[in-house]
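To convert, note that position 2 of the sequence shown is 1 in numbering that gives the first Met the number 0; the numbers rise steadily by one, no gaps.
Heads up: the structure comes next, in structure tokens.
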Amino acid sequence: MNKAFEKISKSDMAKYEQVDFVPFDPAIKRTEATIVHPKEGKFKVTKGAAPQILELCEDRARVEQKVMNNVNNLADRGYRALGVAVSNEKGVFKFAGVLSLFDPPRVDTKATIERAQKMGVQVKMITGDHTAIAIETARRLGMGTTIHSVNAMREAPETEEAYPSEGQNNKEDMILAADGFAEVLPEDKYKIVEVLQMCGQIVGMTGDGVNDAPALKKAEIGIAVQGATDAARAAADIVLTEPGLSVIIDAMIMSRKIFQRVRNYCIYRIAGTIQLIFFFFVAIFFRPENSFSDTSEKNFRLPVLAVVLVTLVNDACVLTISRDNVVPAKDPQAWHLKEVFIISAVLGFVAMLESVLLLLIGFSAGDKASGSGLNHVFFKNGSASYGNVQSFMFLNLCLSDFITVFAARTRDWFFTRRPAAALLGAGCVATLAMTFISTCASFGGMKRITAYTAFMVWVYVLIWFLIQDTLKIGAYWAIDHFKIVDREAYLNLVERKPKLRMDAPAARKFSQNLRKSIGGRGDLDFASSFSRRGSSARYASIDAKGSNPMSI
């Protein structure tokens, strides 16, 4: 086309003056200019989708078949075809010709879509182009080629009861199963997003034009690409500032890593809380005065400063979990709160039991106690003062509380994934500092313990840590084996396999409950979407990850 324009004399072009211009209207799919020429007078030129241009022309009956054959042949090869018509002074249009355009996808779009699909994100194309162009583009991008014209979607029955014949898809099933839709208008994009949401999906949408704004606003995540119009930017949740869409995949990976870290932190924090609360609850039933002659206290306790040190040091160290090494999940993730609480309870109660048993051993070392035999293992002479036992338990709580994080951070054995240097370093500093305090300082009634006793506490904690990690793996196995958490039902939702049919109010209620159960507006894991260069096609994607709002 550029070569054709080069052959036109610039002096001849200068004689044509444009006096009026009507911008492209997505509703009528054409644009129009009013031209004045000294000899030819005043006339109009319109350009747009060939079927819409043909409807304006008086010679439609004569040229329509030939024009549409050319348009379809071009579409089969992935070329867009624009019809051009020119009017006379009376405003009667005649068809002038067809402009063919090739609007290739960006070089990185195919790889981006493939990565999204591998991450469990379903990508759908929504385009105003001809259906044949959409199918060819989808084929080039490695997507499915189940592309419907928008008319097929509009004509599909709304509910299962409205099926005209057995086996025909209703509108919801068609949209869920389709790889895309062609020849759409702005209201169709909005409708597609709305139906997906009513089916319980979490939807992301990319776009750059005014006609994309309603769907961008409706989607959970609207992403305006670089160069988008002000309307699209205003409607979107995220605006890209660089060309291409691969950054969305990077954001999805980052999001899933954040989700894993937040989940690991929650498991650890719940487990640590269970350990401390239930340990001190049980410990109040221990009577120091019955085992130690150097105290008259009726209940076991630790000095307030010691408890503050346990919580402050461990909390400060666990902040480094935000830098921990995690592997982003292959599929969209949900919180699965039952699993979180079960694993937290297993870790917490094992740690609590460990501390209670050690407290029993400590009390057996009192000068009034008869001894258990194990008191000689932890104390060289087999006896200890009440202040020694307080320091003894202070060190145990510090070590067991912090070391639990290494069990909480993996589903498998603790050694299957290397912790981040920051987390490991902070842990070493904290535990060594608490060991130093226990062996070198006396405060609040606590009396320092020997290095031998501290060493035996370390050995004891590490043995129980192995037991704790083993029981954690067993708990995960039981959750999966007995299907306490129905992962398959969740993945069926992500894989477009709705198991129930609902009317619109019920579907909206179901969608709201789903979002609550998976943690808000999505594992806003980015439900990523993709766009062709030239903005002739849009891709909406579904990612029902369900995550923490921090999880972008």
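Idealized CB from N, CA, C, for every residue including glycine.
Distance CB(residue i)-CB(residue j) smaller than 9 angstroms
i, j, result
"E135", "A177", "no"
"K552", "T30", "It is not possible to answer for residue 552, since the shown part of the chain is limited to 0 through 551."
"V194", "V281", "no"
"C56", "F92", "yes"
"F405", "M445", "no"
"L100", "A49", "no"
"G347", "A270", "yes"
"V460", "S399", "yes"
"D211", "K190", "no"
"R260", "S343", "no"
"A231", "G208", "yes"
"L275", "T310", "yes"
"L304", "T111", "no"
"T438", "A450", "yes"
"S290", "A368", "yes"
"A133", "I146", "yes"
"M253", "A115", "no"
"F377", "M455", "yes"
"T319", "A181", "no"
"L301", "L396", "yes"
"V83", "V44", "yes"
"E35", "V18", "Rather than Glu, the amino acid found at residue 35 in this sequence is Val. For V35 and V18, yes; Cβs fall inside 9 angstroms."
"G372", "V388", "no"
"K256", "K117", "no"
"L184", "V224", "no"
Rounded distance between the beta-carbons of residue j and residue i, thought under 8 angstroms
i, j, result
"V122", "M152", "Rounded, the Cβ-Cβ distance is 18 angstroms, inconsistent with contact."
"I220", "I237", "7 angstroms"
"V484", "H375", "Going by Cβ atoms, the distance from V484 to H375 rounds to 46 angstroms, so no, they are not a contact pair."
"A341", "I478", "According to the sequence provided, residue 341 is Ile. The question's Ala does not apply to it. Sure, about 6 angstroms apart at Cβ, within 8 angstroms."
"K471", "V339", "So it is not a contact: roughly 12 angstroms between Cβ atoms."
"K89", "L140", "Their Cβ separation, rounded to whole angstroms, is 46 angstroms, which puts K89 and L140 out of contact at 8 angstroms."
"I222", "A235", "6 angstroms"
Top-ranked residue by Cα proximity to residue i, from the options
i, options, result
"T130", "A231, Y78 and K297", "Y78"
"R408", "K367, Q274, C265 and I448", "C265"
"R268", "F401, T33, F435 and F413", "F401"
"G127", "G179, E154 and D58", "G179"
"F464", "A368, S390, L352 and V388", "L352"
"A95", "D58, K14, K109 and K89", "D58"
"V307", "G443, G199 and T205", "G443"
"Q200", "V120, A425 and D366", "V120"
"A453", "D293, Q467 and F435", "F435"
"G386", "G473, E171, S86 and D293", "D293"
"A440", "N87, E288, R139 and S390", "S390"
"D172", "E157, Y475 and G361", "E157"
"N263", "Q51, D411, D229 and A218", "D411"
"E39", "L359, D11, E54 and I52", "D11"
"G426", "R416, T403 and T415", "T403"
"P331", "F258, R286 and E296", "F258"
"R105", "Q196, V85 and A137", "A137"
"A13", "A32, G424 and P37", "P37"
"V85", "A32, P213 and F414", "A32"
Quiz item: Are the segment 313-333 and the segment 382-390 touching, with three or more C-beta to C-beta distances below 8 angstroms?
Solution: Not touching, per the Cβ criterion.
Practice problem: Count the C-beta pairs between the segment 58-72 and the segment 23-37 that are closer than 8 angstroms, then say yes if the count reaches three, no if not. | Solution: The segment 58-72 and the segment 23-37 do not touch, with fewer than 3 CB-CB distances between them shorter than 8 angstroms.
Practice problem: Would you mind listing the alpha helix (DSSP H) stretches within the segment 399-465 that are 4+ residues and don't spill past its ends, in chain order? | Solution: Listed in chain order, the complete alpha helix (DSSP H) runs (minimum 4 residues) inside the segment 399-465 are 420-439.
Quiz item: Which whole runs of the alpha helix (DSSP H) in the segment 117-178 are 4 residues long or more, in chain order?
Solution: Correct list: 130-139, 149-154 and 170-176.
Practice problem: Assess, as a yes-or-no matter, whether the segment 276-291 is touched by the segment 315-331 under the definition of 3 or more beta carbon pairs within less than 8 angstroms. | Solution: With the cut-off at 8 angstroms, the segment 315-331 and the segment 276-291 do not touch.
Quiz item: What runs of the alpha helix (DSSP H), each 4 residues or longer, lie entirely inside the segment 327-363?
Solution: The segment 327-363 contains these whole alpha helix (DSSP H) runs: 336-363.
Exercise. Write down every uninterrupted run of the beta strand (DSSP E) in the segment 184-261 whose length is 3 residues or greater and which is fully enclosed by it, in chain order.
Key: Taking only runs of at least 3 residues, the beta strand (DSSP E) segments lying wholly in the segment 184-261 are 202-206 and 220-223.
Practice problem: With a floor of 3 residues, list each beta strand (DSSP E) that falls wholly inside the segment 43-119, ordered by position along the chain. | Solution: Within the segment 43-119, the complete beta strand (DSSP E) segments at least 3 residues long are 78-86 and 92-101, listed from N- to C-terminus.
Quiz item: Along the chain, which unbroken stretches of the alpha helix (DSSP H) at least 4 residues long are found entirely within the segment 289-327?
Solution: Annotation note: the segment 289-327 contains the following uninterrupted alpha helix (DSSP H) runs of length 4 or greater, listed N- to C-terminal: 303-317.
Self-check item: Whole alpha helix (DSSP H) elements within the segment 362-393, 4-residue minimum
Solution: Those alpha helix (DSSP H) runs which fall completely within the segment 362-393 and span 4+ residues are 374-377.
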